[in-house]
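Numbering (this note's numbering), first residue to last: 71 to 122. Virtual Cβ for every residue (Gly too), placed ideally from N, Cα, C. Given the structure is predicted, the values throughout are model-derived calculations rather than measurements. Only one structure is covered here, and it is reproduced in the block below.
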Amino acid sequence: MLDKEQALRILKLLSGLEMYVFMRDDAPDHHTDELIKIIGELTDIVLEKDNE
71 MLDKEQALRI LKLLSGLEMY VFMRDDAPDH HTDELIKIIG ELTDIVLEKD NE
């Protein structure tokens, strides 16, 4: 499992990718869905929320 610092570093990197993916018309839905899921999981780690 990632620690809080690692999750935050990855989350910062993904924020730029998120903007690129969502601005593209030809990005497959499963890519955007997976990106949203991963960002949510990393956010939970950073905010120290329990995964239920």
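Closest by C-alpha distance to Asp103, out of Glu88, Thr113, Asp114, Ile115, is Glu88.
Sequence-distant Cβ neighbours of Ile115 in its own chain, meaning closer than 7 Å and more than five residues away, are Leu72, Lys74, Ala77.
Sequence-distant Cβ neighbours of Val91 in its own chain, meaning closer than 7 Å and more than five residues away, are Ala97, His101, Thr102, Leu105. When the beta-carbon positions are compared, Ile80 and Leu117 stay at least 8 Å from each other.
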